[in-house]
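Step one of this worksheet: look at the structure below.
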Amino acid sequence: MSYEPIFALFWERVKQSIEDKTFAKLTLAKTIGDTELKNIYVRPVLLENNLMRMSIIARYKTEEMESFHSLDEAYPILASYMNNPFLSALLFTTDNDVVFKLNKKRTGSISEQAPTFKSASDVILEMKEKGL
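Taking our numbering, the leading residue of the sequence shown gets 16, the next gets one more, and so forth.
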């Protein structure tokens, strides 16, 4: 079974956490072997016109590159990094931590753990205050 449908379900959890204002951060981690790309961090940013974008920070061995995308644009970008080189994606929310993992057979699974963060990201909190 391909992992893509499971990752799509994971992405629905990401979107729901933003809608529910519980999103803290999203991280792609656990690379396959020694790669130049070490992590990808995703956080919401609020632009001057109160438009939310996702900041995607790709952390390499020697540099960081940041790009900004809508939530819908971010999905195919992040999905393209799963299984090449990342084996896990961690969604941190104030309700729980949701972990997407690929096993050795590259089958995806989703699990939940107790929340790491007690409050949502600053941008989510600002959006809550502004009623966005």
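Glycine residues also receive a C-beta, built at the ideal position from the N, C-alpha and C atoms.
Since we're looking at a predicted model, the values are computed, not measured.
If you measure between the beta carbons of residue i and residue j, is that distance less than 8 Å?
i	j	result
Arg28	Leu86	no
Lys40	Arg74	no
Met97	Phe22	yes
Lys133	Thr109	yes
Ser32	Phe38	yes
Near residue i, what residues of its chain come up, given a Cβ to Cβ distance below 6 Å and the 5 sequence neighbours on each side ignored?
i	result
Lys76	Glu51
Ile72	Tyr56, Glu79, Glu81
Glu127	Asn111, Val113
Ser103	Ala44, Lys45, Lys116
Ala89	Met69
Under the three-state reduction of DSSP, which class applies to residue i: helix, strand or coil?
i	result
Leu93	helix
Phe22	helix
Ile47	coil
Ser126	strand
Leu105	strand
Glu172	This structure cannot settle anything about residue 172, because the visible part of the chain is limited to 16 through 147.
Leu41	strand
Pick from the options: whose alpha carbon is nearest that of residue i?
i	options	result
Ala129	Lys119, Arg121, Val113, Ala135	Val113
Gly48	Glu19, Ser32, Lys119	Lys119
Lys45	Tyr18, Lys116, Ala94, Thr109	Lys116
Ser17	Ser134, Met142, Arg121, Lys143	Arg121
Ser136	Glu19, Ala89, Asp35, Glu88	Asp35
Glu141	Glu63, Glu19, Pro20, Lys30	Glu63
Any idea if residue i is buried or exposed, counting beta-carbon neighbours within 10 angstroms, 16 or more meaning buried?
i	result
Phe83	exposed
Output needed for residue i: all residues of its chain with C-beta closer than 8 Å, excluding positions within five of it in sequence on either side, in chain order.
i	result
Val138	Arg58, Pro59, Val60, Leu61, Met67
Thr42	Asn54, Ile55, Tyr56, Val57, Ala104, Leu105, Phe107
Thr131	Ala39, Phe107, Asp112
Pro100	Thr46, Ile47, Gly48, Thr50, Leu52
Enumerate in chain order the residues of its own chain whose CB-to-CB distance from residue i is below 7 Å, with the five nearest sequence positions on each side excluded.
i	result
Ile92	Ile71, His84
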